[in-house]
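Numbering (the numbering used here), first residue to last: 20 to 213. Read the structure below first, then the notes.
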Ligand code: HEM
Ligand code: HEM
């Protein structure tokens, strides 16, 4: 079984991490949006906030590992026939997605702790912060969290549209690489980038 990435595509570990992280991020995004929606009742919002922070803490290390692993090993080479402009656009999209995840993971806990609150973790208890409350700093991290949630959503739509265009209209082989592992060796120099 091809666990690691090959020069020509992803291994099962990358594929598993991609889909696990994708499900987690989309779920956090929906719950986050619902809990802050104007028509959500306060009790429901409080319950959803607990779900949001608990799930975020549960997947925190997985998301961090997924981001830094990709930055460390790089991306596989382009797929057959993939044009320069398309490859560059896809890379920008991938980097913005990875960066936005990092920003969400950093600003999430910071906004809670700097507001003087603790992070709710299911029914296990709470994770108290190391800082004293600071209203301005909390507002800054809150604004960043809200803004990058929007960035994440827009870039996610572009990402999915690109993948769907390939899968539905058989436009190239790139998208299939995230469905089935590609056999082959990882390059010796450690970087797979084209
Ligand atoms: C990739 C990970 C994450 C995503 C996609 C995400 C997404 C969101 C979204 C969409 C919102 C609603 C923003 C709005 O008001 O329009 C939100 C709010 C919030 N998130 Fe996250 N979040 C993530 C990680 C975290 C983490 C790690 C924590 C803390 C442990 C956290 C804590 C919060 C809190 C407290 C709010 C409420 C902010 C408010 O009341 O305005 N989030 N998040
Ligand atoms: C239905 C949802 C999704 C589909 C169909 C999809 C599809 C794909 C495909 C086909 C690739 C391979 C592209 C290539 O090799 O150039 C890929 C890579 C990637 N996707 Fe997605 N994706 C989805 C959701 C997400 C989400 C939610 C995120 C992050 C928030 C994400 C982040 C990435 C990143 C960073 C890569 C680069 C390779 C890696 O590090 O895994 N994707 N995606």
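Backbone N, C-alpha and C fix where the C-beta goes; we use that ideal spot for every residue, glycine too. As the structure is a computational prediction, the values presented were derived from the model and not from experiment.
One or two residues paired with residue i in a DSSP bridge
| i | result |
| --- | --- |
| residue 139 | 145 |
| residue 200 | According to DSSP, which records beta bridges pairwise, residue 200 is partnered with nothing at all. |
| residue 25 | 28 |
Short CB-CB distance (under 7 Å) between residue i and chain C
| i | result |
| --- | --- |
| residue 189 | The chain inventory of the structure shown lacks chain C, comprising one protein chain alone. |
CB of residue i within 7 Å of CB of residue j, strictly
| i | j | result |
| --- | --- | --- |
| residue 22 | residue 30 | yes |
| residue 82 | residue 40 | yes |
| residue 26 | residue 96 | yes |
| residue 234 | residue 53 | The structure shown does not extend to residue 234, since the chain spans only 20 to 213, so no value can be given for it. |
| residue 37 | residue 51 | no |
| residue 160 | residue 73 | no |
| residue 45 | residue 119 | no |
| residue 184 | residue 192 | no |
| residue 182 | residue 200 | no |
Opening and closing residue of the alpha helix (DSSP H) in which residue i lies
| i | result |
| --- | --- |
| residue 69 | 61-92 |
| residue 119 | 103-133 |
| residue 167 | 154-188 |
Who's in the neighbourhood of ligand 1, going by beta-carbon under 7 Å from any heavy atom, listed in chain order?
44, 47, 48, 51, 52, 54, 55, 68, 71, 72, 75, 76, 79, 82, 120, 123, 124, 127, 128, 130, 131, 138, 161, 164, 165, 168 and 171
With a threshold of 8 Å, are at least 3 pairs of Cβ atoms found where one atom belongs to the stretch 119-132 and the other to the stretch 159-173?
yes
Is the stretch 107-126 in contact with the stretch 177-194, if contact means three or more CB pairs nearer than 8 Å?
yes
Is it the case that the stretch 97-104 contacts the stretch 69-84, given that we only count it when at least three CB pairs across the two stretches are under 8 Å?
no
Count the C-beta pairs between the stretch 134-153 and the stretch 46-64 that are closer than 8 Å, then say yes if the count reaches three, no if not.
no
Three-pair Cβ contact test at 8 Å for the stretch 147-160 versus the stretch 81-90
no
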